[in-house]
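Enquirer: Have a look at this one before I ask anything.
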Amino acid sequence: MSSAADSAVPRALVYDAPGEPLEALSLRELPALTAPGPGQVQLRYLSSPINPSDINTVQGKYPIMPKLPGGVPGHEGVAEVTAVGPQVTGLSVGDWVVPLAPAQGTWRTAGTYAAADWHAVPRDIGLAAAATIVINPPTALAMLEIFVALQPGDTVAQNGATSAVGEAVIQIARARGIKTINVIRERPDMDAAVARLKGLGADLVTTEHKLKEDLKASGLPAPKLGFNCVGGSAAQAVTSVLADGGTLVTYGGMAMQPVTAGTAAMIFKDISFRGFWLTGRWAAAQGPEGRRKALDAIVALYRSGALTPPPLAPFPLATADDPEAWKRAFERVAAPHRGAKVVFDMRGGAEA
Ligand SMILES: NC(=O)c1ccc[n+]([C@@H]2O[C@H](COP(=O)([O-])OP(=O)(O)OC[C@H]3O[C@@H](n4cnc5c(N)ncnc54)[C@H](OP(=O)(O)O)[C@@H]3O)[C@@H](O)[C@H]2O)c1
Numbered sequence: 037m038s039s040a041a042d043s044a045v046p047r048a049l050v051y052d053a054p055g056e057p058l059e060a061l062s063l064r065e066l067p068a069l070t071a072p073g074p075g076q077v078q079l080r081y082l083s084s085p086i087n088p089s090d091i092n093t094v095q096g097k098y099p100i101m102p103k104l105p106g107g108v109p110g111h112e113g114v115a116e117v118t119a120v121g122p123q124v125t126g127l128s129v130g131d132w133v134v135p136l137a138p139a140q141g142t143w144r145t146a147g148t149y150a151a152a153d154w155h156a157v158p159r160d161i162g163l164a165a166a167a168t169i170v171i172n173p174p175t176a177l178a179m180l181e182i183f184v185a186l187q188p189g190d191t192v193a194q195n196g197a198t199s200a201v202g203e204a205v206i207q208i209a210r211a212r213g214i215k216t217i218n219v220i221r222e223r224p225d226m227d228a229a230v231a232r233l234k235g236l237g238a239d240l241v242t243t244e245h246k247l248k249e250d251l252k253a254s255g256l257p258a259p260k261l262g263f264n265c266v267g268g269s270a271a272q273a274v275t276s277v278l279a280d281g282g283t284l285v286t287y288g289g290m291a292m293q294p295v296t297a298g299t300a301a302m303i304f305k306d307i308s309f310r311g312f313w314l315t316g317r318w319a320a321a322q323g324p325e326g327r328r329k330a331l332d333a334i335v336a337l338y339r340s341g342a343l344t345p346p347p348l349a350p351f352p353l354a355t356a357d358d359p360e361a362w363k364r365a366f367e368r369v370a371a372p373h374r375g376a377k378v379v380f381d382m383r384g385g386a387e388a
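Quick note on numbering: the working numbering labels position 63 of the sequence shown as 99, and the sequence is numbered without any gaps.
Encoded structure:
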């Protein structure tokens, strides 16, 4: 089976050696796609996010990388099936699919893949949810389930609450009756950021420096569990408010500073420090079936209305006026307080 997409020359952002994205990447044409072989599907990408781990991958700082030279980054994205090879079951032309495994190289317009590495998602969840379903919502869900047996009425605290993971934590926690204490960076649009997170169900939104005072004033119980995606003093702030015997889970390092913790919290409250990595230990423990189940659980949360995706800021790879339009996407990623997930719109859509 074939379609018009088969004849189009695929393009991709490609790098030959690790470096900063603007220097290391270039937009190149790839060999034309041929008909998919046994067990293969041909895909046309719709939308592929730029996540922090993608930047780290291009920089050569992430443990899972494409083969270089000629590597295509991109761990996440949604694509449409345009052709199905022999012996493929469960996927049809027109299905929307997302990668089950990292490093599929999603920053491209089209490609041919092993069908077993892809999972169908229903179109009714929408493009933003489908494009961003693979990494951040399952991270939030798993971290809320794995470390502490939380009950309705319990609280969790987190820094980096404006991140895609942070927003998913807020919403999934709320759906379970768990309250969230959310630390965000000082910013010019503080009122708007607080209103957004409260609209998603946050119980308290505050800054590192006001956390203790605002938590006391809120009357919320001390959190048993804390999530840290920032490091440095923001990790220390969350640790300092954890309940006796509480757990801090580190899953990101946005400030690029070591995790620090107050001595008193460690001695007097016996705080535990754990780590979480979705695409490594968690994915290996789940196996493909476990990963499929987690994605289906996220689809159900979207369909029930409990979870909404982050707003997307779409950028084309290139336009007639700007053959390097993809560079604007990285400029937007580098801006603080961006409030949206930057994605490559592979259908050639305009900048948001
Ligand atoms: N371990 C895992 O399995 C796993 C899975 C998913 C994600 N992650 C990690 O989780 C983190 C968040 O990912 P995401 O995709 O959700 O992020 P995102 O949507 O791109 O948002 C980035 C977040 O980081 C904050 N931030 C950026 N630079 C910062 C700095 N210098 N100091 C403090 N905060 C800063 C931003 O705050 P503003 O709004 O103020 O800009 C925003 O909250 C990343 O570190 C990512 O690698 C890890």
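Glycine residues also receive a C-beta, built at the ideal position from the N, C-alpha and C atoms.
Please report the distance separating the alpha-carbon of proline 173 from that of alanine 211.
Expert: Within the sequence shown, numbered from 1, the residue matching residue 173 stands at position 137. Within the sequence shown, numbered from 1, the residue matching residue 211 stands at position 175. Using only the alpha carbons, I get a separation of about 13 Å.
Enquirer: Could you tell me the distance, in whole angstroms, from the CA atom of glycine 385 to the CA atom of alanine 119?
Expert: Residue numbering aside, residue 385 sits at position 349 when the sequence shown is read from its first letter. Residue numbering aside, residue 119 sits at position 83 when the sequence shown is read from its first letter. Annotation note: pLDDT 48 at glycine 385 (below 50); position unreliable, no value reported.
Enquirer: Could you check the C-alpha separation between serine 308 and glycine 281 for me, to the nearest Å?
Expert: Along the sequence shown, read from residue 1 onward, the residue named residue 308 stands at position 272. Along the sequence shown, read from residue 1 onward, the residue named residue 281 stands at position 245. Rounded to whole angstroms, serine 308 to glycine 281 spans 7 Å at the Cα level.
Enquirer: So, under 8 Å CB-CB, leucine 343 and isoleucine 208 are touching, yes? Tell me the CB distance rounded to an integer number of Å.
Expert: Here residue 343 refers to the residue found at position 307 when the sequence shown is read from its first residue. Here residue 208 refers to the residue found at position 172 when the sequence shown is read from its first residue. Sure, about 7 Å apart at Cβ, within 8 Å.
Enquirer: With hydrogens ignored, establish whether the beta-carbon of lysine 377 is closer than 7 Å to any heavy atom of ligand 1.
Expert: Taking the first residue of the sequence shown as position 1, residue 377 is located at position 341. It does: the Cβ of lysine 377 is within 7 Å (strictly closer) of some heavy atom of ligand 1.
Enquirer: Nearer than 7 Å: is that true of the beta carbon of tyrosine 149 relative to any heavy atom of ligand 1?
Expert: Within the sequence shown, residue 149 is the residue found at index 113, counting from 1. No, the Cβ of tyrosine 149 stays beyond 7 Å of every heavy atom of ligand 1.
Enquirer: Does DSSP classify tyrosine 51 as helix, strand or coil?
Expert: Here residue 51 refers to the residue found at position 15 when the sequence shown is read from its first residue. Reduced to three states, the DSSP call for tyrosine 51 is strand.
Enquirer: Quick check: what's the CA-CA separation for alanine 204 versus alanine 53?
Expert: For the purposes of this step, residue 204 is identified with residue 168 of the sequence shown, where counting begins at 1. For the purposes of this step, residue 53 is identified with residue 17 of the sequence shown, where counting begins at 1. Taking the straight line from one Cα to the other gives about 34 Å.
Enquirer: Given that a residue counts as buried once 16 or more other Cβ atoms are within 10 Å of its Cβ, and exposed if not, what is serine 340?
Expert: Counting from one through the sequence shown, the residue named residue 340 turns up at place 304. Label assigned to serine 340: exposed.
Enquirer: Going by DSSP in three states, leucine 85 sits in which element: helix, strand or coil?
Expert: Mapped onto the sequence shown, residue 85 falls at position 49. The amino acid occupying residue 85 in the given sequence is proline; leucine does not appear at that position. Note: proline 85 maps to strand in three-state DSSP.
Enquirer: Histidine 111 by DSSP, collapsed to three states: which one?
Expert: In the sequence shown, residue 111 corresponds to position 75, counting from 1. Coil, per DSSP.
Enquirer: If you count every other CB in all the chains shown that lies within 10 Å of the CB of glycine 196, and 16 or more means buried, which is it?
Expert: For the purposes of this step, residue 196 is taken as the residue at position 160 of the sequence shown. Buried, by the Cβ-count rule.
Enquirer: Is the closest heavy atom of ligand 1 to the C-beta of tryptophan 313 under 7 Å?
Expert: Translated into the one-based positions of the sequence shown, residue 313 becomes position 277. Checking every heavy atom of ligand 1 against the Cβ of tryptophan 313, one is found closer than 7 Å.
Enquirer: At the level of alpha carbons, what is the spacing between lysine 363 and glutamate 65?
Expert: As a first step, residue 363 must be located in the sequence shown, where it is residue number 327. As a first step, residue 65 must be located in the sequence shown, where it is residue number 29. Their backbone Cα atoms lie some 17 Å apart in a straight line.
Enquirer: Leaving out five residues before and five after alanine 41 in sequence, what residues of the same chain have Cβ atoms less than 7 Å from its Cβ?
Expert: The residue given as residue 41 occupies position 5 in the sequence shown. With a pLDDT of only 44 at alanine 41, under the threshold of 50, the placement of this residue in the model should not be trusted, and no figure is reported.
Enquirer: Could you check if serine 89 belongs to the surroundings of ligand 1, using beta carbon to heavy atom distance under 7 Å?
Expert: The residue given as residue 89 occupies position 53 in the sequence shown. Result yes, Cβ under 7 Å from ligand 1.
Enquirer: Is it the case that the segment 212-232 contacts the segment 363-376, given that we only count it when at least three CB pairs across the two stretches are under 8 Å?
Expert: Touching, yes, given that three or more Cβ pairs across the two stretches are closer than 8 Å.
Enquirer: Pick out whichever of Met302, Phe380 and Ala291 has its Cα sitting closest to the Cα of valine 277.
Expert: In the sequence shown, counting from the first residue as 1, residue 277 sits at position 241. Of the listed residues, the one whose Cα sits closest to valine 277 is Met302.
Enquirer: From this set, Thr191, Leu163, Leu337 and Arg383, which residue's C-alpha is nearest leucine 348's C-alpha?
Expert: Here the question's residue 348 lines up with position 312 in the sequence shown. Residue Leu163 is the option with its Cα nearest to leucine 348.
Enquirer: Going by DSSP in three states, leucine 284 sits in which element: helix, strand or coil?
Expert: The residue given as residue 284 occupies position 248 in the sequence shown. It is a strand residue.
Enquirer: Could you check what DSSP says for tyrosine 338 in three-state terms: helix, strand or coil?
Expert: For the purposes of this step, residue 338 is taken as the residue at position 302 of the sequence shown. Tyrosine 338 falls in the helix class under three-state DSSP.
Enquirer: Are alanine 137 and proline 102 touching if we call contact CB-CB under 8 Å?
Expert: By 1-based counting over the sequence shown, the position of residue 137 is 101. By 1-based counting over the sequence shown, the position of residue 102 is 66. No, the Cβ-Cβ distance between alanine 137 and proline 102 is not below 8 Å.
Enquirer: Taking the alpha-carbon positions, what's the aspartate 239 to methionine 292 distance?
Expert: In the sequence shown, counting from the first residue as 1, residue 239 sits at position 203. In the sequence shown, counting from the first residue as 1, residue 292 sits at position 256. Whole-angstrom Cα-Cα distance: 28 Å.
Enquirer: Please determine whether the Cβ atom of asparagine 172 lies at a distance below 7 Å from any heavy atom of ligand 1.
Expert: Numbered from 1 along the sequence shown, position 136 holds the residue referred to as residue 172. Under cutoff, so the answer is yes.
Enquirer: Could you tell me if the beta carbon of proline 372 falls within a distance shorter than 7 Å of some heavy atom in ligand 1?
Expert: As a position in the sequence shown, residue 372 is number 336, starting the count at 1. Flag set: Cβ of proline 372 near ligand 1.
Enquirer: Can you say whether phenylalanine 351 is buried or exposed, counting buried as having 16 or more other CB atoms within 10 angstroms of its CB?
Expert: As a position in the sequence shown, residue 351 is number 315, starting the count at 1. The residue is buried, with at least 16 neighbouring Cβ atoms inside 10 Å.
Enquirer: On the CB-based measure, 16 or more other CB atoms within 10 Å of its CB, does proline 57 come out buried or exposed?
Expert: Sequence index remark: in the sequence shown, residue 57 carries index 21 (1-based). Buried, because 16 or more other Cβ atoms sit within 10 Å of the Cβ of proline 57.
Enquirer: Where DSSP assigns a beta bridge to histidine 245, which residues make up the other side?
Expert: On the sequence shown, residue 245 is found 209 positions in, with the first residue counted as 1. Paired residue(s): none; histidine 245 is not in a bridge.
Enquirer: Using DSSP's beta-bridge definition, name the partner residues of phenylalanine 351.
Expert: Within the sequence shown, the letter at position 315 stands for residue 351. Its beta-bridge partners are Phe380.
Enquirer: When you measure from the CB of methionine 290 to every non-hydrogen atom of ligand 1, does any distance come out below 7 Å?
Expert: For this step, residue 290 is matched to residue 254 along the sequence shown. The answer is yes for methionine 290.
Enquirer: Tell me the rounded alpha-carbon separation between glutamine 272 and threonine 296.
Expert: Along the sequence shown, read from residue 1 onward, the residue named residue 272 stands at position 236. Along the sequence shown, read from residue 1 onward, the residue named residue 296 stands at position 260. The straight-line gap from Cα to Cα measures roughly 5 Å.
Enquirer: Is alanine 365 a contact residue of ligand 1, with contact defined as CB to any heavy atom under 7 Å?
Expert: Within the sequence shown, residue 365 is the residue found at index 329, counting from 1. No, since every heavy atom of ligand 1 falls outside the 7 Å radius drawn around the Cβ of alanine 365.
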